[in-house]
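Read the structure below first, then the notes.
Number of protein chains: 2
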Amino acid sequence: MNKTFTASNPATGESVGAEIAEWDQSQVLKAITSAHKVKDKLSKTNPSERASVLNSIADAIESEKDNLAKIANLETALPLPRLVGEVMRTVVQLRAFATLVKTGGHLLPIIDLADPNFLPVARPDLRKSQQPLGVVAVFAASNFPLAFSVAGGDTAAALAAGCPVVVKAHPSHPNTSQLVYEAVTKALESHGLPKDLFSIVQGVNPEITHWLAKAPEITAIGFTGSAVVGKLLLRLAQERATPIPVYAEMGSLNPVFITPTALGEKIDELAKAAMDSALLGSGQFCTKPGIIIIPNDSLGDKFIEQVKTYISQQKVAPLLNKGIADRFREAIKKLSISKGLEVISGISNSDGYGVTPNIFIANWSEVSQQSDLLEEHFGPTSVIIRAPFDQYLTVAKELEGQLTATIHAGKNEDLSELINQLSQIAGRVIWNGFPTAVSVTAAQNHGGQWPASSTHTTSVGIDAIYRFVRPVVYQNFPDHQLPPELQNSNPFKIERVVNSVRTDQSIQ
Amino acid sequence: MNKTFTASNPATGESVGAEIAEWDQSQVLKAITSAHKVKDKLSKTNPSERASVLNSIADAIESEKDNLAKIANLETALPLPRLVGEVMRTVVQLRAFATLVKTGGHLLPIIDLADPNFLPVARPDLRKSQQPLGVVAVFAASNFPLAFSVAGGDTAAALAAGCPVVVKAHPSHPNTSQLVYEAVTKALESHGLPKDLFSIVQGVNPEITHWLAKAPEITAIGFTGSAVVGKLLLRLAQERATPIPVYAEMGSLNPVFITPTALGEKIDELAKAAMDSALLGSGQFCTKPGIIIIPNDSLGDKFIEQVKTYISQQKVAPLLNKGIADRFREAIKKLSISKGLEVISGISNSDGYGVTPNIFIANWSEVSQQSDLLEEHFGPTSVIIRAPFDQYLTVAKELEGQLTATIHAGKNEDLSELINQLSQIAGRVIWNGFPTAVSVTAAQNHGGQWPASSTHTTSVGIDAIYRFVRPVVYQNFPDHQLPPELQNSNPFKIERVVNSVRTDQSIQ
Numbered sequence: 237m238n239k240t241f242t243a244s245n246p247a248t249g250e251s252v253g254a255e256i257a258e259w260d261q262s263q264v265l266k267a268i269t270s271a272h273k274v275k276d277k278l279s280k281t282n283p284s285e286r287a288s289v290l291n292s293i294a295d296a297i298e299s300e301k302d303n304l305a306k307i308a309n310l311e312t313a314l315p316l317p318r319l320v321g322e323v324m325r326t327v328v329q330l331r332a333f334a335t336l337v338k339t340g341g342h343l344l345p346i347i348d349l350a351d352p353n354f355l356p357v358a359r360p361d362l363r364k365s366q367q368p369l370g371v372v373a374v375f376a377a378s379n380f381p382l383a384f385s386v387a388g389g390d391t392a393a394a395l396a397a398g399c400p401v402v403v404k405a406h407p408s409h410p411n412t413s414q415l416v417y418e419a420v421t422k423a424l425e426s427h428g429l430p431k432d433l434f435s436i437v438q439g440v441n442p443e444i445t446h447w448l449a450k451a452p453e454i455t456a457i458g459f460t461g462s463a464v465v466g467k468l469l470l471r472l473a474q475e476r477a478t479p480i481p482v483y484a485e486m487g488s489l490n491p492v493f494i495t496p497t498a499l500g501e502k503i504d505e506l507a508k509a510a511m512d513s514a515l516l517g518s519g520q521f522c523t524k525p526g527i528i529i530i531p532n533d534s535l536g537d538k539f540i541e542q543v544k545t546y547i548s549q550q551k552v553a554p555l556l557n558k559g560i561a562d563r564f565r566e567a568i569k570k571l572s573i574s575k576g577l578e579v580i581s582g583i584s585n586s587d588g589y590g591v592t593p594n595i596f597i598a599n600w601s602e603v604s605q606q607s608d609l610l611e612e613h614f615g616p617t618s619v620i621i622r623a624p625f626d627q628y629l630t631v632a633k634e635l636e637g638q639l640t641a642t643i644h645a646g647k648n649e650d651l652s653e654l655i656n657q658l659s660q661i662a663g664r665v666i667w668n669g670f671p672t673a674v675s676v677t678a679a680q681n682h683g684g685q686w687p688a689s690s691t692h693t694t695s696v697g698i699d700a701i702y703r704f705v706r707p708v709v710y711q712n713f714p715d716h717q718l719p720p721e722l723q724n725s726n727p728f729k730i731e732r733v734v735n736s737v738r739t740d741q742s743i744q
Numbered sequence: 237m238n239k240t241f242t243a244s245n246p247a248t249g250e251s252v253g254a255e256i257a258e259w260d261q262s263q264v265l266k267a268i269t270s271a272h273k274v275k276d277k278l279s280k281t282n283p284s285e286r287a288s289v290l291n292s293i294a295d296a297i298e299s300e301k302d303n304l305a306k307i308a309n310l311e312t313a314l315p316l317p318r319l320v321g322e323v324m325r326t327v328v329q330l331r332a333f334a335t336l337v338k339t340g341g342h343l344l345p346i347i348d349l350a351d352p353n354f355l356p357v358a359r360p361d362l363r364k365s366q367q368p369l370g371v372v373a374v375f376a377a378s379n380f381p382l383a384f385s386v387a388g389g390d391t392a393a394a395l396a397a398g399c400p401v402v403v404k405a406h407p408s409h410p411n412t413s414q415l416v417y418e419a420v421t422k423a424l425e426s427h428g429l430p431k432d433l434f435s436i437v438q439g440v441n442p443e444i445t446h447w448l449a450k451a452p453e454i455t456a457i458g459f460t461g462s463a464v465v466g467k468l469l470l471r472l473a474q475e476r477a478t479p480i481p482v483y484a485e486m487g488s489l490n491p492v493f494i495t496p497t498a499l500g501e502k503i504d505e506l507a508k509a510a511m512d513s514a515l516l517g518s519g520q521f522c523t524k525p526g527i528i529i530i531p532n533d534s535l536g537d538k539f540i541e542q543v544k545t546y547i548s549q550q551k552v553a554p555l556l557n558k559g560i561a562d563r564f565r566e567a568i569k570k571l572s573i574s575k576g577l578e579v580i581s582g583i584s585n586s587d588g589y590g591v592t593p594n595i596f597i598a599n600w601s602e603v604s605q606q607s608d609l610l611e612e613h614f615g616p617t618s619v620i621i622r623a624p625f626d627q628y629l630t631v632a633k634e635l636e637g638q639l640t641a642t643i644h645a646g647k648n649e650d651l652s653e654l655i656n657q658l659s660q661i662a663g664r665v666i667w668n669g670f671p672t673a674v675s676v677t678a679a680q681n682h683g684g685q686w687p688a689s690s691t692h693t694t695s696v697g698i699d700a701i702y703r704f705v706r707p708v709v710y711q712n713f714p715d716h717q718l719p720p721e722l723q724n725s726n727p728f729k730i731e732r733v734v735n736s737v738r739t740d741q742s743i744q
């Protein structure tokens, strides 16, 4: 008989729900091969059918909104309103992909008709579109039990691309995961599609990661989590007989640079907003500002005084699981003995996986010697770094790749050098705002240079779909043997680029 | 003093040109850091300026057309008319990228304006475009001394993207490389741009590969060559402190499936055309048909008779260098002793690096047990595989990833299962044609599943540019601090997607 495990309520330590059976290797491999066998059932759906499937999944999840938020709240201790919002973000993501897929835009059809006069040699008829990769393995994150989990961004993007998905459910919220799984498969079946197109794997056994990454039928991996596991997946993927892409999002410091002028204009607002962003979701956001750079002048002193006052009153919800809480306490202990570091603590929360928010203050001259201070620490902490304004660019040049980088500046400040440097390392550069909260839109980019991400792609927003497709070109094919999106009659009535001109017309 | 090496004429074995100085480590690293220092000079050019630079490079190369073809002919023994054509393909590639870059299309600007009513939460102003990665290392191929070499497809794509390039010149054609280098840098300087934006590294020392792949300033690698070196580059890139993408094209069998009906309709034409494609450029094309699948019936017997007659009259030009010739002879020797294999030989060419064309014939039942027969062998050879027509799909399922896969079928044959299977493994599927000759167009895809390519991207055609850019999004930025392509006034007058609508208008 299989082993079992149980979810815990971080606020009380009590167990949540029934015992969950741990999947063994044969079950995991069967889920993968079963998905592979039926993959054409999804890949061959036409744009409006696939959009309709995505919308049905969204509807099925939305119909469980209150139930999902309630169970996720028990399993994560994240606040109920935030979880209701997260259900809606999950639903909105699926619908955004449905909107894209319905237009056929994701197929990117490009047609170059035969041209005997093309130079330097005659051109055959060439018709290219994007085709789904095949079965995708998604590793769910702990910190967004819905939007980055079972039916989160990676899953929505892969399904939208036409790929079956096997999700490694996060063991911190197995009951939430099961409920989402049921919603997704119910929606698939309502369209006459096999439920094998979608599975979740439950378990705490680290071998599951290896089984998924090594299975020959897996064609790509979507991952959000620690750098340790992200790098393991990259290694496993590269060692396969057929290496596959790993889209890993592995954490980020999300530096926030505050200029003296910005402090002069809005110091009260900034101190509070910076702390609110750092402590949001108990500091368990991938876009949490992990370092905040402020001037080492009297305005900087005043900023710190305000932070001290504010933090001393702050208490955060318990962390998501015992592992995160343990690692957080260990990191704080280690940081606390760093050279020349001042610690400001909030209110202790000793319930369940509770921790105390801790903000550190350091001078840049000391930080640059201690690499710990430039590492991500998951949980309610941030390092405030004091530097002369004329050294901000130097600080920026010392940083590794980031998901986001933020500048708070005065209205007429020109910071082109700093902006240029930050745009070299970060996927999103923010002006007079904070990095937490990520809109799901076409223009979004959630991904940054290594080690924030393993590739130059986004995991949020509709461009995420292009991670799970590959181009195939057909040369001189008889019309009826082409994929429909490339046929002369343009049966999907979608926009295509024909001889370099964008058109939704058929080809005569 | 540096070591030197000299090019050889494959047709005569005589040395070509002066001694070439071998680059040492400090010279290689200096080329890279110098390129890194000036990278903004290229990345900040506006679309029309950059297009103009690319056109000037094309013009400079075209003006040396006869000279280049003459020197390349001495260094490679490839026929002069083919080399003149290859100069023109190189020129056409550069001009195609210029045409794209001039429209600003490669910037893919997407703008989502702030929307307080956006659900589930208000949306900030988000503006995304594609930005160049930084210095790119390109490893030139031996078999296309112009179109896949110093200013070939990878270099043209990287420069078009706004990336400086350091090329590892192929030691088989150093004088051709030097001449192209001079044309490129002359063109850069004519636009007031520093020549450090472009360098070639000369040498036969295998350490050069390591120096280039490990240099921290290198942001991506473009490679065309053997699987051994491709896999080495992938490993080196992954072991860096900051891993980088490697776009490696590592060879392909390019299977050609000929149905009984096709043989019935055009057997004479097919036997000759298949052999012409296999022997083109002395069989040194990455799209050479390495296996040809024919029926094991009387039509198949007749096809083989025709191949025998034709091949016995064929002689090919010497191979590109001694290493290729030695490896070819070794492979043929090994293949010749394979079980149940028949060998048809052409006319021996013992001059310089000359070889004899060899075509093998085998039954599928024997092939499937001998993996050598399903490996690429660079040079004038191909394996004709005989199989019952109802096993063609089985053969297709045994194949690894391919650049191309070809079907010769009768006019009304429906082969959707075979087409579907081949489109899963190949980047280009060809109907009633041959894979050699690759058009440089928007719809082209030159890349296939592993091990043909290391990524799902193309190295030929204008989509190759997207390998060397990454998305960056700006959130709530003051208009004048945005990159020009994202500013309200749309100073480049380019097409952008604004709130999901494609437009070249400014934002009011």
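Top line first, the protein sequences correspond to chains A and B. Using our numbering, you'd call the opening residue of the first sequence number 237 and step up by one each time. Using our numbering, you'd call the opening residue of the second sequence number 237 and step up by one each time. Ideal Cβ placement from N, Cα and C applies to all residues, glycine included. On a predicted model such as this, the values are computed, not experimentally measured, just so you know.
Exercise for the section: Mind the definition here: the segment 238-249 of chain A touches the segment 400-413 of chain A only if three or more C-beta pairs lie below 8 Å; say whether that holds. Expected result: yes
Problem - Beta-ladder partner(s) of Y710 of chain B, from DSSP - result: A:V665 and B:R363
Handout entry: L489 of chain B, buried or exposed, once every other Cβ within 10 Å from all chains shown has been counted against 16
Key = buried
Exercise for the section: Please decide whether S725 of chain A counts as near chain B, where near means a Cβ-Cβ distance under 8 Å. Expected result: no
Handout entry: Cα-Cα separation, S426 of chain A to S251 of chain A
Key = 34 Å
Problem - Within 9 Å of chain B by C-beta, residues of the segment 688-708 of chain A in sequence order - result: S690, T691, H692, T693, T694, G697, D699, V705, R706, P707 and V708
Practice task
Would you verify that the beta carbon of S652 of chain B is, or is not, closer than 8 Å to some beta carbon of chain A?
Solution key: yes
Practice task
Express the C-alpha separation of V337 of chain B and I698 of chain B in angstroms, rounding to a whole number.
Solution key: 10 Å
Problem - Proximity winner among B:I256, B:G669, B:T739 and B:G588, relative to S413 of chain B (alpha-carbon distances) - result: B:I256
Problem - Backbone CA spacing between V619 of chain A and A287 of chain A [nearest angstrom] - result: 44 Å
Exercise for the section: Please classify Q329 of chain B: does DSSP put it in a helix, a strand, or coil? Expected result: helix
Exercise for the section: Check whether the Cβ atoms of V328 of chain A and V676 of chain A lie closer than 8 Å to each other. Expected result: yes
Exercise for the section: In angstroms with no decimal places, state the Cα-to-Cα distance between A334 of chain A and P315 of chain B. Expected result: 53 Å
Handout entry: Any chain B beta carbon closer than 8 Å to T460 of chain A
Key = no
Practice task
Determine the chain A residues that contact P360 of chain B at a beta-carbon separation under 9 Å, and present them in chain order.
Solution key: I666, G669, A673 and S675
Exercise for the section: Taking only beta carbons into account, state which residues of the segment 474-485 of chain A come closer than 7 Å to chain B, listed in chain order. Expected result: Q474, T478 and P479
Problem - Length-filtered (4 minimum) alpha helix (DSSP H) runs lying within the segment 247-311 of chain B - result: 261-273, 275-279 and 283-299
Handout entry: Which of helix, strand or coil DSSP assigns to G458 of chain A
Key = strand
Problem - Interface flag, N712 of chain B vs chain D, CB-CB below 8 Å - result: Considering every chain present, this structure includes no chain D. Its protein chains are A and B.
Exercise for the section: Identify whether H613 of chain B lies in helix, strand or coil by the three-state DSSP scheme. Expected result: coil
Exercise for the section: Could you tell me whether the Cβ of N379 of chain B comes closer than 8 Å to any Cβ of chain A? Expected result: no
Practice task
Could you round the C-beta distance between H682 of chain A and T694 of chain A to whole angstroms and report it? I think they count as a contact, below 8 Å.
Solution key: 5 Å
Practice task
Determine the chain A residues that contact G321 of chain B at a beta-carbon separation under 8 Å, and present them in chain order.
Solution key: P356 and V357
Problem - Interfacial residues, the segment 367-399 of chain B to chain A, with Cβ spacing under 9 Å - result: Q367, L369 and G370
Handout entry: Contact set for D348 of chain B: own chain, Cβ-Cβ below 7 Å, skip 5 residues either direction
Key = R359, L362 and N735
Handout entry: Cβ contact check for the segment 529-546 of chain A and the segment 503-511 of chain A: 3 or more pairs under 8 Å
Key = yes
Handout entry: Buried or exposed by the 16-neighbour rule on C-beta atoms within 10 Å, applied to A498 of chain B
Key = buried
Handout entry: Closest Cα partner of T701 of chain A within the set A:G340, A:A393, A:D276 and A:L654
Key = Residue identity check: residue 701 of chain A is Ile in the sequence provided, not Thr. If we check each option's Cα against that of I701 of chain A, A:A393 comes out closest.
Exercise for the section: Answer yes or no: does any C-beta atom of chain B fall closer than 8 Å to that of A287 of chain A? Expected result: no
Handout entry: From A:S270, A:L369 and A:N353, residue whose alpha carbon lies closest to that of T691 of chain B
Key = A:L369
Exercise for the section: With 8 Å as the threshold, decide whether the Cβ of Q549 of chain B is near any Cβ in chain A. Expected result: no
Exercise for the section: Identify every run of the beta strand (DSSP E) within the segment 580-643 of chain B, keeping only runs that are complete inside it and at least 3 residues long; order them along the chain. Expected result: 594-599 and 617-623
Problem - Paired residues, beta bridge with R738 of chain B - DSSP - result: B:V733
Problem - Three-way DSSP call (helix, strand, coil) for T478 of chain B in this model - result: coil
Problem - Other residues of its chain near F728 of chain A: CB distance less than 7 Å, five sequence neighbours each side excluded - result: N282, P283, G340, P720 and E721
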